[in-house]
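Protein chains in written order, with our numbering: chain A, 1 to 292; chain B, 293 to 908.
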């Protein structure tokens, strides 16, 4: 990183306040307070309840209503973030509340269950909720740490620049390969046409690109017998250099993709699980009152 | 002029705009095609061989293309190594990404338009983000959400009442917890209790099996048909339901809010299911007796309303009630035994009379307890003389006449012949060396037996041991045996209240109370209550409660007052070793107020199995 880069970084750290420490952890405090109060009330009341603690006691209904309301409100972040609003309730505040109140649900909803679990639709809703929260927690971790890594990886290169560099290397290879015979051309084509930049989720996450076409092309290129003409020999040397450059460019882009995958993966659980949770929540509530 | 190939090379501009078109003629009837710069038509594509093919005119308006490297090319959509084309049909040939379109040219020649079709689309920056066309966030969200909504809600809600007894019960996933062993046969039959959707379980559902009635056969049949392995326990109502409803106040504190809400929402708190909770864990309390029947066998019992909350200021809610308020143990009203005020007539009359007013019971019997229990009296003397062989041998004690029943909790009714006949002879004559006894119990039979007889005994003491005929003052006078027997000195007169209507004898029927306090239970088998076993210090003997030694009349009600109970009940253990709680349930149960509340878990579920019940 250049001196200038380091400077801007320091400035950013001084002025930027992320959603986690928004307003001096206001929502963290509120959520903690909520959990402490709920836990206190639970352990005071539960032993005095006539029936074993469950979602069906008055305390259970109270905790259940609060939890269900929270879940619906938390899910509304998906709508809120698409709406650009003016006023005091900034999206940052909203996200901050989303994170901390969401975490507080682990306590509120667990108390709502009265620690009674089973193989039923009620525990399904609870399990889905915990899955949503766990994936959300992963998201918080990702958002708190990964942008730093992304930045560190790419340096001053933008994503578009990375792609342009790869396209340019391909074009140069194509140009340089024109004098080659069929075998040589096929190797270059392998690198240009078969190289898969990203790949699937696991590939991106684990960064296992052992079968990368460019890599294979480079191996095959080096294994080629000495060409007949000087022109071809010169072309091969040039192409080898280009392929090596391409391998570096690919590695950089793929690291970027790996980190991006980590940054985004949790959403692939968080969002579908949220919808599943909302459906299970409705089933939970309706079924409880259907068979009251 | 000979046939020529006119090449029309079209190149797209990378930045867009009009393509660049270059035209040139190939000298001669033949043109080479390949990647190498030496070719007539140079195709800068790595998929094309350096010297790939040749094209030449093979006739008027006809062109033949032939591979020279052996690598095929495309012609009219097919891969081939040699092709003969009719230019007038505007054929198309393909080499790699290049497309060669033929059309007739001047003088039988051909114009070949060469374009490059690049299939490469440079990736956009979005390639850095995760792509999942099938398992994308949105797809998965809708599929999972809709799937759960359908399978966990709509299917059970709509089909549970329709499918009936099927193997798959879609509503079973709604069960919030297992049923207790007693009800586990209903586990997959939600509708047997949850009859109507969105309506809390009503008592009707419970009472189909548990209704208390004189003939419970229909209830038992219903339980059997549902598959119950156990005979249902019958549960009488504590009081008439409408009265109960009126008499029950709102619970105190937050419970009131809860109750108001529940009533308003159709979930009243006076249902069977309000107290008998299913689908919940029923942990065995700490320190529970390991030998006691497991509590988890039956629905968890929850006290929604305690006794005193209803039995306080009851008249404010039930104006016509005769029940006396019992807000706590210290304010428990004094005992008011149910006393027979008249034994005459077909139906004896009863009245509850406060014990502290020394009620007298008209039971028709003459029996001085004091006389019989006096250790120095004649009765004691006779009992000693009767000896052990006669079942006595010592002054009388309570157990000489009052025998415990099988449970030990109560006593069997007194029987004259067995309990009094040791001393009080019923013999009236000797026939063929055999003593004949009067039949006891039915007046008319006695009268019939004595009709026309004279008493045969010799004069002497009126008190005769059994085995002898009782003499009578009337025998000397030759009065009829009938009159003598019912008159002073006669066999019946000692114990029975006799009246004469002319020459017809009238005798008050004898009815002895089995229970003076029908609304409370008392267990005589408890060691502290005089039952067998070792009693804690401070426990009672019979005489501590029943003042029989000072009672001269059978009409005395000899039960103790509440103070006697309070010597132990409600006392701290520091004060008296036999201290015990003064809980309402000790003497009253909710469903059967005349009995003490059974111990938790009793009767054990297993004793209710049909086979065992049938074998009894």
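For every residue, glycine included, the Cβ atom is placed at its ideal position computed from N, Cα and C.
Nearest-angstrom Cα separation, counted from residue j out to residue i
{"i": "residue 420(B)", "j": "residue 160(A)", "result": "10 Å"}
{"i": "residue 559(B)", "j": "residue 495(B)", "result": "12 Å"}
{"i": "residue 234(A)", "j": "residue 240(A)", "result": "10 Å"}
{"i": "residue 876(B)", "j": "residue 854(B)", "result": "13 Å"}
{"i": "residue 390(B)", "j": "residue 446(B)", "result": "58 Å"}
{"i": "residue 461(B)", "j": "residue 451(B)", "result": "9 Å"}
{"i": "residue 273(A)", "j": "residue 120(A)", "result": "17 Å"}
{"i": "residue 732(B)", "j": "residue 849(B)", "result": "25 Å"}
{"i": "residue 767(B)", "j": "residue 728(B)", "result": "Any answer about residue 767(B) is weak, because its pLDDT of 47 lies below 50 and its placement is not dependable; what the coordinates show is given next. Approximately 17 Å, taken between the alpha carbons."}
{"i": "residue 127(A)", "j": "residue 573(B)", "result": "20 Å"}
{"i": "residue 672(B)", "j": "residue 839(B)", "result": "18 Å"}
{"i": "residue 230(A)", "j": "residue 170(A)", "result": "23 Å"}
{"i": "residue 686(B)", "j": "residue 814(B)", "result": "29 Å"}
{"i": "residue 212(A)", "j": "residue 73(A)", "result": "45 Å"}
{"i": "residue 225(A)", "j": "residue 186(A)", "result": "15 Å"}
{"i": "residue 413(B)", "j": "residue 203(A)", "result": "22 Å"}
{"i": "residue 145(A)", "j": "residue 200(A)", "result": "23 Å"}
{"i": "residue 607(B)", "j": "residue 625(B)", "result": "15 Å"}
{"i": "residue 432(B)", "j": "residue 501(B)", "result": "48 Å"}
{"i": "residue 77(A)", "j": "residue 251(A)", "result": "36 Å"}
{"i": "residue 634(B)", "j": "residue 644(B)", "result": "13 Å"}
{"i": "residue 149(A)", "j": "residue 108(A)", "result": "35 Å"}
{"i": "residue 667(B)", "j": "residue 681(B)", "result": "20 Å"}
Identified DSSP bridge partners for residue i
{"i": "residue 799(B)", "result": "790(B)"}
{"i": "residue 313(B)", "result": "302(B)"}
{"i": "residue 133(A)", "result": "Answer is none; residue 133(A) lacks a bridge partner."}
{"i": "residue 572(B)", "result": "Looking at the DSSP assignment, residue 572(B) forms no beta bridge with any residue, so it has no partner."}
{"i": "residue 226(A)", "result": "None, per the DSSP bridge assignment."}
{"i": "residue 367(B)", "result": "370(B) and 385(B)"}
{"i": "residue 334(B)", "result": "326(B)"}
{"i": "residue 719(B)", "result": "729(B)"}
{"i": "residue 527(B)", "result": "503(B)"}
{"i": "residue 241(B)", "result": "The structure shown does not extend to residue 241(B), since chain B spans only 293 to 908, so no value can be given for it."}
{"i": "residue 583(B)", "result": "BP columns for residue 583(B) are empty, so no partner."}
Where residue i sits in the DSSP three-state scheme
{"i": "residue 22(A)", "result": "coil"}
{"i": "residue 258(A)", "result": "helix"}
{"i": "residue 884(B)", "result": "coil"}
{"i": "residue 774(B)", "result": "helix"}
{"i": "residue 623(B)", "result": "helix"}
{"i": "residue 729(B)", "result": "strand"}
{"i": "residue 284(A)", "result": "helix"}
{"i": "residue 357(B)", "result": "strand"}
{"i": "residue 827(B)", "result": "coil"}
{"i": "residue 347(B)", "result": "strand"}
{"i": "residue 814(B)", "result": "coil"}
{"i": "residue 607(B)", "result": "helix"}
{"i": "residue 696(B)", "result": "strand"}
{"i": "residue 169(A)", "result": "helix"}
{"i": "residue 832(B)", "result": "coil"}
{"i": "residue 703(B)", "result": "strand"}
{"i": "residue 164(A)", "result": "helix"}
{"i": "residue 376(B)", "result": "strand"}
{"i": "residue 149(A)", "result": "helix"}
{"i": "residue 242(A)", "result": "helix"}
{"i": "residue 1(A)", "result": "Summary for residue 1(A): the model assigns pLDDT 37, below 50, so the residue's position carries little reliability, and this model does not support an answer."}
Proximity test, residue i beta-carbon vs the ligand SAH heavy atom, cut-off 8 Å
{"i": "residue 236(A)", "result": "The ligand SAH is absent from the structure shown, which contains no ligand whatsoever."}
> If contact means a Cβ-Cβ distance below 9 Å, which residues of the stretch 868–884 of chain B contact chain A?
Replying inline: Against chain A - using a Cβ distance shorter than 9 Å - the stretch 868–884 of chain B contributes no residues.
> Residue ranges of each alpha helix (DSSP H) run of no fewer than 4 residues wholly in the stretch 386–468 of chain B, ordered along the chain?
Replying inline: For the stretch 386–468 of chain B, whole alpha helix (DSSP H) runs of length 4 or above, ordered along the chain, are 429–441 and 447–455.
> Quick one, which residues of the stretch 243–263 of chain A are near chain B if we go by CB-CB under 8 Å, in chain order?
Replying inline: With the criterion set as a beta carbon lying under 8 Å from some beta carbon of chain B, the members of the stretch 243–263 of chain A are 253, 256, 257, 260 and 261, in sequence order.
>> To test your reading of the DSSP string, which unbroken beta strand (DSSP E) runs of 3 or more residues are found completely within the stretch 612–684 of chain B?
In response: 630–634 and 641–644, all fully within the stretch 612–684 of chain B.
> What are the residues of the stretch 212–231 of chain A that lie near chain B, defined by any Cβ-Cβ distance shorter than 8 Å?
Replying inline: Listed by position, the residues of the stretch 212–231 of chain A near chain B (Cβ gap below 8 Å) amount to none.
> Which residues, taken in chain order from the stretch 457–482 of chain B, show a beta carbon closer than 9 Å to some beta carbon of chain A?
Replying inline: In summary, the residues of the stretch 457–482 of chain B whose CB is separated from some CB of chain A by less than 9 Å are 463, 464, 465, 466, 467, 468, 469, 470 and 482, in the order they occur in the chain.
> For the stretch 155–183 of chain A, which residues have a CB atom closer than 7 Å to at least one CB atom of chain B, in sequence order?
Replying inline: Closer than 7 Å at the C-beta level to chain B, one finds these residues of the stretch 155–183 of chain A: 159, 160, 163, 167, 174, 177, 178, 181 and 182.
> What are the start and end residues of each continuous alpha helix (DSSP H) run of 4 or more residues lying completely inside the stretch 850–881 of chain B, in chain order?
Replying inline: Those alpha helix (DSSP H) runs which fall completely within the stretch 850–881 of chain B and span 4+ residues are 854–858 and 876–879.
> For the stretch 616–635 of chain B, which residues have a CB atom closer than 9 Å to at least one CB atom of chain A, in sequence order?
Replying inline: Cβ contacts with chain A come from no residue of the stretch 616–635 of chain B.
>> Suppose only complete runs of 4+ residues qualify. What are the alpha helix (DSSP H) ranges in the stretch 44–82 of chain A, listed by chain order?
In response: Counting only runs of 4 or more, we get 58–75 and 77–80.
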